[in-house]
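Down below is the structure, laid out as structure tokens.
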Amino acid sequence: MPARTSQRGKAMIKTYLITKEQLQEDIPLEDWQSLVKDDELLWVDVRAYTPEEVETLARHFGLHSVAVDSCLDGYRRPHLYEFPDHFYVNLTVLENRKRKRTEIKPTELHLFVGKKWVLTLSQQEPSPAVDEVLNEYRETPALCERGPMHAVYLLLEYLVESYFPIVERLDDDADELETAMLQHADKRSLARLFDLKRVGFELRRILGPQRDVLATFARRDFPFIRSEQNVYFQDVYNRMIRIFDIMDTVREILSGSLDIYLSAISNRLNEVMKVLTIVATVLMTLSFITGFYGMNFTHLPWLRSPNAFRNMVIFMIALTAAMLWWFRRRRWL
Amino acid sequence: MPARTSQRGKAMIKTYLITKEQLQEDIPLEDWQSLVKDDELLWVDVRAYTPEEVETLARHFGLHSVAVDSCLDGYRRPHLYEFPDHFYVNLTVLENRKRKRTEIKPTELHLFVGKKWVLTLSQQEPSPAVDEVLNEYRETPALCERGPMHAVYLLLEYLVESYFPIVERLDDDADELETAMLQHADKRSLARLFDLKRVGFELRRILGPQRDVLATFARRDFPFIRSEQNVYFQDVYNRMIRIFDIMDTVREILSGSLDIYLSAISNRLNEVMKVLTIVATVLMTLSFITGFYGMNFTHLPWLRSPNAFRNMVIFMIALTAAMLWWFRRRRWL
Amino acid sequence: MPARTSQRGKAMIKTYLITKEQLQEDIPLEDWQSLVKDDELLWVDVRAYTPEEVETLARHFGLHSVAVDSCLDGYRRPHLYEFPDHFYVNLTVLENRKRKRTEIKPTELHLFVGKKWVLTLSQQEPSPAVDEVLNEYRETPALCERGPMHAVYLLLEYLVESYFPIVERLDDDADELETAMLQHADKRSLARLFDLKRVGFELRRILGPQRDVLATFARRDFPFIRSEQNVYFQDVYNRMIRIFDIMDTVREILSGSLDIYLSAISNRLNEVMKVLTIVATVLMTLSFITGFYGMNFTHLPWLRSPNAFRNMVIFMIALTAAMLWWFRRRRWL
Amino acid sequence: MPARTSQRGKAMIKTYLITKEQLQEDIPLEDWQSLVKDDELLWVDVRAYTPEEVETLARHFGLHSVAVDSCLDGYRRPHLYEFPDHFYVNLTVLENRKRKRTEIKPTELHLFVGKKWVLTLSQQEPSPAVDEVLNEYRETPALCERGPMHAVYLLLEYLVESYFPIVERLDDDADELETAMLQHADKRSLARLFDLKRVGFELRRILGPQRDVLATFARRDFPFIRSEQNVYFQDVYNRMIRIFDIMDTVREILSGSLDIYLSAISNRLNEVMKVLTIVATVLMTLSFITGFYGMNFTHLPWLRSPNAFRNMVIFMIALTAAMLWWFRRRRWL
Amino acid sequence: MPARTSQRGKAMIKTYLITKEQLQEDIPLEDWQSLVKDDELLWVDVRAYTPEEVETLARHFGLHSVAVDSCLDGYRRPHLYEFPDHFYVNLTVLENRKRKRTEIKPTELHLFVGKKWVLTLSQQEPSPAVDEVLNEYRETPALCERGPMHAVYLLLEYLVESYFPIVERLDDDADELETAMLQHADKRSLARLFDLKRVGFELRRILGPQRDVLATFARRDFPFIRSEQNVYFQDVYNRMIRIFDIMDTVREILSGSLDIYLSAISNRLNEVMKVLTIVATVLMTLSFITGFYGMNFTHLPWLRSPNAFRNMVIFMIALTAAMLWWFRRRRWL
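Structure (structure tokens):
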């Protein structure tokens, strides 16, 4: 982890000057313009920031008030604002929590990029994306020759890779649910289905604007990207599209699962009704016969026959068998 | 509140001349062309206007008859008409009523913008958007240097911010409904669902054309916006898109809630039918047995047995238990 | 009404020369090219025409055979054909019948427009759109200075305004149906729903191509429209879009009404089944008890008790009450 | 019918040279380049062809191997390939069979068009489209001055007109089905519905690519069409769109019919259930009463009353009437 | 099969130099630049490769690290990366397994194409597409004059043709299922339906990006394709679209089959309920009559009549017949 100091004595503003040979820390921001040479990169990383700190940075780097407001507001959809000599972009960070899968809470990584500098702001203290990329620069400082857009590429790649486990887990959950639905479509599975559907929809809503931002980077005419770097951003965009492919699959699986559930319910109703009909037919018929001999007519045949009981039982069993055979022929059994 | 006077003695036409130092009221409109200097802004605000007043203004500012007609008609969808030296735009104001949530009544704010002037017309007397922006100019008259489009930006920002509580309340209502549906899907919730669906659809229909107007402002090639101001309008547009994101969520939640309702109904029908089938099976079987012994045959076994009652009760309880066990095995209970 | 004469003695071809001062009738068509000066407008109105008359006109004005065929065929979808010195457009007229709402029969208004002339053809004798616009020219002949496209604008405005009552009545009908559905979803309402749905779909299919034609006029690059006239056509197009907004609402309401109907039916089935289950449970239980005491066992308790009747009635009432209480607890009552 | 000869003695290759004065047959293909003058048109018509014949023609006219392969393959979707001096297009012919409506079998008409020649290939012997257009040229040879694209226009017009009876019959069938569904929604109508749906879908799939080809012709920038001819192709395209309008209507009607069917089924189920519930309620109540008096208690009131029968019958009729009145009040009858 | 040798002694890297006269194997890669002349083609084919081998090739041909990473990763969606002097494309190979139809496992063919060379990489050992195209070059080495894009065309054609049997089998399966559904809609068919639906969706997801890549090739402005070759790629693209047409048909058939299933289930429920209602009505009525005469009233008519049995049987048969006649009249039988 880099040292947490800054030129103004406040915690959480960290500055790095990356030259071909090394990564230098604690650069004074006042005269960065004279300090940073061509092919060098100044990185300012701010975390858990206050409005005052952002204002100070805005003064140093000439940041636009709209972009500054965007950093200070609550969660906003990812967007990209271009200015004559720098651009601002708002990226979405998704935390990959192990448990409580159905809760997705996006946080933001604010990014300002100029000709020779990068400025990252995050309200979250642990900002693994930034730490990771800074480490890469520390190991290979010569990367600074590729300009600030290479840092942007590395950040984007890290973020996109971090979305994969989340959507893949959603995909697994949906697969599992579909299998469960095919076996026994119960109410719990249905609740789970609506839960996953909601998560998938949320993810899509959160990542959709992010994808649009990546598409802007991947376009050939984005002014801050040198033409030979364009393919890197195309690659990141392509992986982002793959994430949406997976989310499409999830949506398809869940919509199919609802169809499975509904037809299972219909089927079951049909079966219940068949059982009821068969039971009612057989028992009502038998009851009718017993009712017949329950009539108080004095003249009914066999009333006094000693074999009446045996004969009646045999007749009833035969009748029941005949009715069941008939239902089986109609494929109700 | 500004003084309500005008150069022709009629109430409700208020004129303001904003210079770098101050906001001056009651400017005579006849020779505004000579009065308003470069980097100054003339604002004419008209409320509860009559056709004659609009005609007068049209003469002073050279307004096009199509735009004038649009001001005088009833509610129309937001639209933007560009003319060589000014443009006209029709904005939607939504009142944020506390109660009677399901009623949405849009009103209009008509806006004419020239090189050095802004003209706002509203049939509603209290026009908080205009009051708010005028106050901002009164406090910081130097804003007039940014030209009339900055006033447009402030108005649009106010309006877009005023839509948020409305869609967020709709979002809350939909969430609440979904929770209610998952607990007990009754007819009242269903009526509520169709209600919210209608409100959401209305909102979408009202705000859709407004969004298109904002998109025109956010485009880089809108001629009245200086290139360095463009990012302000992109920002407003971006927030408008977020409103549509929320409305998409509402739509998704409501459509999911209908699915929840319908599957709950199906489930309940299934359960009712199972109860009926179980009851019918058990009671019909028992009734058959009683019917059997109700037959008037003189020769039936155990007819005269003193333990008949006890045995019969025991047999019937056992039979019932067996049938219930069988239903439980088929997962009907 | 203008005089019904023409230069060739046939009824129904009427010619008008509109100069700045007056509207002149009965212009000979043979040498119209020399007669009509700049800033003047020749209007030829033909009704209930025969192929020969159209051929004559085609010769006089150099009309293209494809456009002539389009006039002579039966109903065709609105379309616009541009030629080097004139264009042809096929407009839809909807009759606003009071009764028999569910029948929509579009008729056509054929329109040829050149640099200095307008040619309208209609198979229908009363052609209120043309009469109305001609009256406007008779009252204000100076309008001819705005060129033939102003006549087109007036015709389009008349037509679009004439669609409004039709779609608004459809909207009212749909609203009324939705209210009816919420109160008692019966078969008659359902038939009405499918009726309105069909009407809405027909309207959309008829007006869709008309809207596309209006969109072409509203585009900035349509060559026959001077740039300062463009806003008129944008205005007409905007009102046409509003008609489609209303039709979208109708579609939404009707689709919602079908959902209301279907869930009402499901609900009702559920209720019927609950009643059946309750009735069957109570009466089968009671019948079982009577059946029990109908068995011909000689040894049953209380058979000879003088209070049997009273006790039995009390027991049965208590049992029924208990079952009803149980059903109420399960929210079936 | 033209004579069936060719310059190489093989049946089925017919050649025509159309000059301003006449249509000449049996032109030798070897030196067509020198024979065909400007403003003349060479038409080669081949039917039931073999690969060798196509290869010969390919040599004479310099046809591309991809287009030749396309002629020799089985059915392919309509497509258009442009080459520097000619283009190839693959058109769909639909046979308008009287009976067996639900079978649609498209065949192909291959068309090569150069600056001065047209080449048509068809595996089907009777190729009415080609015969029809050749007859038109035989009657008016001067049409050749309009160039080969006029022949293409005549062919396309013939084909599009030949699609109309097919889609209109489908439209009629769908209308008829809807009426039938509204009267008695039975299983046979349902099978018919799925049949028509399939036919409509097939038609749409077959004609969709054909429409795209027509759209290419109607575009202003298709290089083989002179600008004054463009309107002819716009007209053909417009009629094709009308065919798709009709198919949209068919789809809407069929989807509405399925809704009608499903709600009819639901309705009927509801009615059946109501009948069952009413019957069960009435008869179970009556049976309970008879069961009550079937109990073998010695002390039951009125057991020995001589009016028991009459009173009982009266009581039961009254009870039944009361129950039916109650069901009618609940609108179940 | 070509010999499996390479210039660095490792198995699986095979090199071919195709000149106008012959196909030469085992070319040393170190100095390929000097070896390969204009109008000649160098083909390097690598299978079951290791990262080291790819790195070596990357050095020889100047491959971009993003493309190299794409070769070394697991399955990725097809994409195309253009570089100044070569391009990289990732193609999908579908194995056409006879059995286990519902499992689709795509593998990848990586393709680098320069001005004079083609590089194919496949992790699968048997790579029939590459073998097939190499054989074609071995037979006709002169094809090398058409440049490397012709090899790409032959590979794409092979791949697209290999997709056809897979989608056609899916089409057949869907047809078969639809027929089965129309005959007896059982649960097994439903499971099959969801299975096929999933396969169709998977195929669509796998082939969609492949189609987009083909569309890029078919566009006129793809820089590596000479204008006269463009039509080949249009042809391949057109066949790919046909594959999607078939998949659309499958989707339509399956969605129709689900409708068939659901309406069959509804129908069957209706029929079961009718049977139950008829049975219940008849038997309950008869039981009521027997119950009536089971009452212990001493005064009931005909109690002692000797013809009671006969009359009762006749009456009951007549009553049953009457009820059945009534049900038939209501079309329930």
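Residue numbers (my numbering), protein chains in the order written: chain S, -4 to 328; chain H, -4 to 328; chain P, -4 to 328; chain C, -4 to 328; chain G, -4 to 328.
Virtual Cβ for every residue (Gly too), placed ideally from N, Cα, C.
These figures come from a predicted structure and were not determined experimentally.
Cβ neighbour criterion (16 or more within 10 Å) applied to P79/H
exposed
**Asked** Buried or exposed: which applies to E103/S, given that a residue is buried once 16 or more other Cβ atoms fall within 10 Å of its Cβ?
**Response** Per the 10 Å Cβ criterion, buried.
inquiry  = So that I know if they touch, is there some Cβ in chain H lying closer than 8 Å to that of L104/S?
reply    = no
Does the structure place the region 267 to 282 of chain S close enough to the region 199 to 207 of chain S that three or more beta carbon pairs sit under 8 Å? The region 199 to 207 of chain S vs the region 267 to 282 of chain S: no contact.
Using 8 Å as the cut-off, can you tell me whether the region 12 to 23 of chain S makes contact with the region 46 to 58 of chain S, which would need three or more C-beta pairs spanning the two stretches below that distance? no
For G195/P, which of L30/P, V61/P, D216/P and F239/P has the nearest alpha-carbon?
For G195/P, the closest C-alpha among the options L30/P, V61/P, D216/P and F239/P is that of F239/P.
With a cut-off of 8 Å, does the C-beta of K100/S fall near any C-beta of chain H?
no
Count the other C-beta atoms from every protein chain shown that fall within 10 angstroms of the C-beta of L328/H, then say buried if there are 16 or more, exposed otherwise.
It counts as exposed.
DSSP on F78/S, reduced to helix/strand/coil? In this structure, F78/S counts as coil in the three-state DSSP scheme.
Which residues, in chain order, does the region 256 to 273 of chain G contribute to contact with chain S at a C-beta distance below 9 Å? Y256, L257, I260, S261, R263, L264, V267, M268, V270 and L271
Worksheet entry | Where the alpha helix (DSSP H) containing R330/C begins and where it ends | Outside the shown range of chain C, which is -4 to 328, sits residue 330/C, and nothing can be said about it.
Measure the CB-CB distance between K192/H and L249/H and report whether it falls below 8 Å. In this structure, K192/H lies near L249/H, with their beta-carbon atoms less than 8 Å apart.
Report yes or no: is there a C-beta of chain G within less than 8 Å of the C-beta of R54/C? no
Mind checking whether D336/H and L253/S have CB atoms under 8 Å apart? Because chain H here runs from -4 to 328, residue 336/H falls outside it and cannot be looked at.
* Asked: So, are the CB atoms of M268/C and V267/P less than 8 Å apart?
  -> yes
ask   = According to a CB-to-CB cut-off of less than 7 Å, which residues of the region 279 to 294 of chain H neighbour chain S?
value = M279, T280, S282, F283, G286, F287, G289, M290, N291, F292, T293 and H294
Quiz prompt | Own chain, CB closer than 8 Å to M(-4)/C, minus 5 neighbours either side, in chain order | solution = Only weak support exists for where M(-4)/C lies, its pLDDT of 35 falling under 50; the value from the coordinates is given anyway. In the same chain as M(-4)/C, and ignoring 5 residues on each side of it, the C-beta atoms closer than 8 Å to its own belong to D126, in chain order.
_If I follow the unbroken alpha helix (DSSP H) through W27/S, where does it start and stop?_
W27 to L30
query = At a cut of 8 Å, does the region 289 to 298 of chain H reach the region 298 to 316 of chain S through at least three beta carbon pairs?
reply = yes
>> Less than 8 Å between CB atoms is the rule here; does L67/P satisfy it with respect to chain C?
In response: no
Open item on the list: For K100/C and V113/C, I'd like the C-alpha separation in whole angstroms.
Closed with: 26 Å
Exercise for the section: Can you give me the Cβ contacts of V245/G inside the same chain, cut-off strictly under 7 Å, excluding the 5 residues immediately before and after it? Expected result: L165, D166, A169 and G195
| Strand pairing of V84/P, partner residues [DSSP] | According to DSSP, V84/P shares a beta bridge with L75/P and L106/P.
**Asked** Are the beta-carbon atoms of E35/G and K110/G separated by less than 8 Å?
**Response** no
request  = Output the distance between the C-alpha atoms of F351/C and F310/S, rounded to the nearest integer angstrom.
outcome  = This structure cannot settle anything about residue 351/C, because the visible part of chain C is limited to -4 through 328.
### Proximity to A175/P [Cα-Cα], best of A213/P, V155/P, Q224/P and A259/P
A259/P
ask   = Excluding sequence positions up to five away, which residues of its chain have a Cβ less than 8 Å from the Cβ of S222/P?
value = R215
For this session: Within the same chain, show all residues whose beta-carbon is closer than 6 Å to that of R3/H, passing over the 5 residues directly before and after it, in chain order.
Result: With a pLDDT of 44 at R3/H, under the threshold of 50, the modelled position of that residue is not reliable, and the figure given next carries that caveat. So no residue of the chain qualifies.
Are three or more beta carbon pairs between the region 140 to 158 of chain S and the region 176 to 187 of chain S nearer than 8 Å? no
Is Q229/H close to chain S? Criterion is C-beta to C-beta, closer than 8 Å. Interface with chain S (8 Å Cβ-Cβ cutoff): Q229/H is included.
List the residues that DSSP assigns as beta-bridge partners of Q19/G. L12/G
I'd like to know if E127/G contacts chain C, where contact means its C-beta is closer than 8 Å to some C-beta of that chain. no
Worksheet item: Taking Cβ-Cβ distances shorter than 8 Å, what residues in chain P pair up with P160/C?
Response: Neighbours of P160/C on chain P: none; closest Cβ ~15 Å, over 8 Å.
| Span separating the alpha-carbon of A146/P from that of Q17/P | 16 Å
Margin query: Please report whether the beta-carbon of P301/C lies at a distance below 8 Å from any beta-carbon of chain B.
Written below: Looking for chain B here will not work: the only protein chains present are S, H, P, C and G.
Q. Where V325/C and M318/C are concerned, what is the direct C-alpha to C-alpha distance, given to the nearest angstrom?
A. The sequence shown places Arg at residue 325/C, not Val. Looking at the two C-alpha atoms, the distance is approximately 11 Å.
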